[in-house]
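For the protein sequence lines, the chains are A and V, in the order given.
Per the working numbering, residue -7 is the first one in the first sequence, and the count goes up by one each step.
Per the working numbering, residue -7 is the first one in the second sequence, and the count goes up by one each step.
Written below as structure tokens is the structure these notes are about.
Number of protein chains: 2
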Amino acid sequence: MQPESYLTDDVINEFSKTLELFDLSPSDSRLFTILFLNHQPMTLDEMSQTTGKSKTSVNTGIRNLSDLNLVNQVWKKGVRKDLYTTTDDLFQRFMHYYLDKWLSHTSMQKQSLSSIEKKISDRPQGELIETKVKQMLIFHKHLEKAFIQLKTTCQEINDDDRIS
Amino acid sequence: MQPESYLTDDVINEFSKTLELFDLSPSDSRLFTILFLNHQPMTLDEMSQTTGKSKTSVNTGIRNLSDLNLVNQVWKKGVRKDLYTTTDDLFQRFMHYYLDKWLSHTSMQKQSLSSIEKKISDRPQGELIETKVKQMLIFHKHLEKAFIQLKTTCQEINDDDRIS
DNA sequence: TTTTACATACAGTTTAAACTGTACAAACAA
DNA sequence: TTGTTTGTACAGTTTAAACTGTATGTAAAA
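Given below as structure tokens:
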């Protein structure tokens, strides 16, 4: 890959900032963006060269992104090196990962707090803490509701997109 | 403040984990939770004691939370020390802060990318990069749409809450 | 089989963030 | 005014994360 033009570099920097909102590290965001901008799948060595990071570093970065299901490994006959690529459905992928994160977390926390609530009411020590835990539970219920709705919204956006 | 019971400590740990989803640091999340659980406004010294962190550390933590509009400073006559407290409208506060963050960011990035797009089309070098930037713009438009809808949802949740 | 090319595990290093203690400044009390 | 009490700026330290280079293992090529 040829050295980046300063304009391409701007694109990388700007887009990476957005990806960081999804709780990706700056490095991982940058790596993803570079991979996304590339017209074809890249090898670890190529990514190492383009990012200016060591191969090991790129390897763990790609592993992170793969675990979140944000990049894909592809095979090309004749090529021995591992090849990675992104897909064009940026929005769907990122939102799916993000919503999953929120929803699985809120679900777990609701359980944890319920269980704590029980223990507290068994040995009635403080009214105060009990009230607070109730508020926390409501907070989580609201969160869950909001993000379930967001999921629906994303589905709609995706559908609209497919039609046009 | 008396030493925390292990049960209270569980509550703090669990709830803090949720707050971290809002991009608060573990320390700030913990600080907020402690403040929220306390039945009355707390001073820096109290928070320092309860969190086990230095006063300076608590000070910067509170400053962070204040900047995000998640805690309030209150005055009590006769008390010289600064007093801080949280409010009961957890959901509204956090979502407001969070949505603002997303929406202001996406709005800015849309502008940045548009501006870059212009520069690219002026000096037509690569078709590829142009296409990619267009995709990024669509990505941001989708994000904006989704989070604006989320804002509406939160408003509704909040309204429902106020009635009951 | 041996040799080569690659991914990855691991130990050590660098870098950045969080935290602490001291020092200073502002507000209040006497 | 002077003496106290409090918040905060700052320099230095600790801690955790990111990164690197070497070493190892594995799969393909010869």
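Quick reminder that beta carbons are idealized off the backbone N, C-alpha and C, glycines included.
Sequence-distant residues of its chain with Cβ nearer than 8 Å to residue i (five each side left out)
i	result
A/Met128	Leu105
A/Lys133	Lys102
V/Ser46	Ser40
V/Val3	Thr25 and Leu29
C-beta neighbour in chain A for residue i, strict 7 Å
i	result
V/Val63	no
V/His120	His is not the amino acid found at residue 120 of chain V; the sequence shown has Leu there. Taking Cβ atoms only, chain A reaches closer than 7 Å to V/Leu120, which makes this a yes.
V/Gln(-6)	Residue placement at V/Gln(-6) cannot be trusted, given a pLDDT of 40 that sits under 50; what the coordinates show is reported in the next sentence. No, its Cβ sits nowhere closer than 7 Å to a Cβ of chain A.
V/Phe14	no
V/Asp124	The question names Asp, but residue 124 of chain V in the sequence shown is Lys. Judged by the 7 Å Cβ criterion, V/Lys124 is in contact with chain A.
V/Glu136	no
V/Leu129	no
V/Thr10	yes
Other residues of its chain near residue i: CB distance less than 6 Å, five sequence neighbours each side excluded
i	result
A/Gln84	Asn150
V/Phe7	Thr25
A/Glu109	Val125
V/Val66	Pro33, Leu75 and Thr77
V/Trp94	Phe139
A/Asn64	Thr77
V/Arg22	Ser8
Contact with chain V by residue i, beta-carbon distance below 7 Å
i	result
A/Leu91	no
A/His88	no
A/Asp2	yes
A/Glu6	yes
Beta-carbon contacts of residue i that lie in its chain and below 7 Å, excluding the five residues immediately before and after
i	result
A/Lys143	Leu91
V/Leu60	Tyr89
A/Gln141	none
Exercise. Pair every Cβ in the stretch 95 to 104 of chain A with every Cβ in the stretch 48 to 55 of chain V, then say whether three or more of these pairs are closer than 8 Å.
Key: no
Quiz prompt | Every unbroken alpha helix (DSSP H) within the stretch 53 to 121 of chain A, with a cutoff of 4 residues, ordered by chain | solution = 82 to 114
Exercise. Give, in chain order, every residue of the stretch 17 to 45 of chain V whose Cβ lies closer than 8 Å to some Cβ of chain A.
Key: Phe28, Leu29 and His31
Quiz item: Taking a cut of 7 Å between CB atoms, which residues from the stretch 54 to 83 of chain A lie near chain V?
Solution: Per Cβ criterion, the list reads Asp80, Leu82 and Phe83.
Self-check item: Ordered list of alpha helix (DSSP H) runs contained in the stretch -3 to 63 of chain V, each at least 4 residues
Solution: -2 to 12, 18 to 29, 36 to 43 and 47 to 59
Quiz item: Using a Cβ cut-off of 8 Å, which residues of the stretch 97 to 110 of chain V contact any Cβ in chain A, in chain order?
Solution: His97, Thr98, Gln101, Ser104, Leu105 and Ile108
Quiz item: According to a CB-to-CB cut-off of less than 7 Å, which residues of the stretch 140 to 152 of chain V neighbour chain A?
Solution: Residues of the stretch 140 to 152 of chain V with a C-beta less than 7 Å from any C-beta of chain A: Gln141, Leu142, Thr145, Cys146 and Ile149, listed in chain order.
Quiz item: Quick one: any contact between the stretch 118 to 127 of chain V and the stretch 9 to 18 of chain A, if contact means 3 or more CB pairs under 8 Å?
Solution: no
Quiz item: Given 8 Å as the limit, is there contact between the stretch 26 to 39 of chain A and the stretch 68 to 78 of chain A, that is, 3 or more CB pairs closer than that?
Solution: A contact exists between the stretch 26 to 39 of chain A and the stretch 68 to 78 of chain A.
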